[in-house]
Amino acid sequence: MKSSRIVIIGGGFAGVKCAKTLRKSLPRDKYEIVIFNRENHMVFHPLLAEVAGASVNPDAVAAPLRQMLPHVRCRTEAVQKIDLDHNYVEYESHDGQMRQMAYDHVVIACGGAVNLGMVPGMADHAFPLKTIGDAMALRAHVMQQLEKAEVCDDVARKRWHLFANFEITQAASSSPCQDDEMARDECLATLAHCL
Ligand SMILES: Cc1cc2nc3c(=O)[nH]c(=O)nc-3n(C[C@H](O)[C@H](O)[C@H](O)COP(=O)(O)OP(=O)(O)OC[C@H]3O[C@@H](n4cnc5c(N)ncnc54)[C@H](O)[C@@H]3O)c2cc1C
């Protein structure tokens, strides 16, 4: 009997849990499971702020999909189109060519996308925080501002580097009792030590 192919799009919490559960419960000779994810790892988002703050290394929040998902075919490619009428997905392959893969079942677990356009001006001034690349870019920016503040003789400019640059528009915390205001106060208190 020909095996059925299940294609999962997205290797975040939802896609990985789905792949693990299906792989555990479905026989390998009857069901092939393929997971598409833009990156070859799953990101543990709750610790991204710590990566940006340099208290946690990036590799600690990146779980390699191939290690986590034995007997699941992991594809580091972005799906561009799902044809629900003809049961195939289209993806950009390693050589830039568009290719198709037929499926019997498809699971869409693409998560959300950062939208900095929701607050006027945010796209021009804010940093997104969704990927490890985002966290590293933010880390580099914070370090740069602190370093500039450290060598700056002009007190007003020094304060600008330390305070005016940082505005927390939304705090995502793994601690349920820590609200946005507390996070902001803590952050400002830490920066104040640098003055
Ligand atoms: C900074 C931050 C902190 C957070 N902290 C918490 C917390 O403390 N507690 C909590 O409960 N939640 C927290 N969240 C929310 C939580 O991370 C999300 O709810 C969760 O990640 C959603 O999982 P998901 O699998 O649906 O999507 P995602 O984790 O976004 O995964 C989707 C994956 O699909 C991939 N993908 C998307 N489109 C395609 C495509 N076309 N082709 C191939 N791949 C694709 C993406 O690259 C991504 O890897 C936080 C989120 C962020 C950003």
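Under the working numbering, residue 203 is the last one in the sequence shown; the count climbs by one each step, no gaps. Ideal Cβ placement from N, Cα and C applies to all residues, glycine included. These figures come from a predicted structure and were not determined experimentally.
- For K28, the uninterrupted alpha helix (DSSP H) run begins and ends at 21–33, by DSSP.
- Our two residues, M151 and R167, have alpha carbons roughly 15 Å apart in a direct line.
- Around the beta-carbon of V163, fewer than 16 other beta-carbon atoms lie within 10 Å, marking it exposed.
- Under a 10 Å Cβ-count criterion, A117 is classified as buried, with 16 or more other Cβ atoms of the shown protein chains found around its own Cβ.
- Residue environment analysis places L77 among the buried positions, since at least 16 neighbouring C-beta atoms fall within 10 angstroms of its C-beta.
- If the five residues before and after L56 are omitted, its C-beta is found closer than 7 Å to the C-beta atoms of V69, L137, A143, all from its own chain and listed in chain order.
- Sixteen is the threshold: since fewer than 16 other Cβ atoms of the shown chains lie within 10 Å of the Cβ of Q105, the residue is exposed.
- Residues of the same chain with a CB within less than 7 Å of the CB of D161, apart from the 5 flanking positions on each side, do not exist.
- Taking the Cβ of I14 as the reference point, every heavy atom of ligand 1 lies at 7 Å or farther away.
- By the Cβ-count criterion, A110 is exposed, with fewer than 16 other Cβ atoms from all chains shown falling within 10 Å of its own Cβ.
- For H49, DSSP records a beta bridge to P72.
- DSSP places V97 in the uninterrupted beta strand (DSSP E) bounded by 96–100.
- Secondary structure at E158: helix, using DSSP grouped into helix, strand and coil.
- In the three-state scheme derived from DSSP, where H, G and I count as helix and E and B as strand, V163 is classed as helix.
- For Q108, the CB contacts under 6 Å within the same chain, skipping 5 residues up- and downstream, are Y96, E98 in chain order.
- Take the alpha-carbon of A60 and the one of L146: they are about 6 Å apart.
- Counting only the Cα atoms, L170 lies some 14 Å from A148.
- Counting every other CB atom within 10 Å of its CB across the protein chains shown gives Q88 a total below 16, marking it as exposed.
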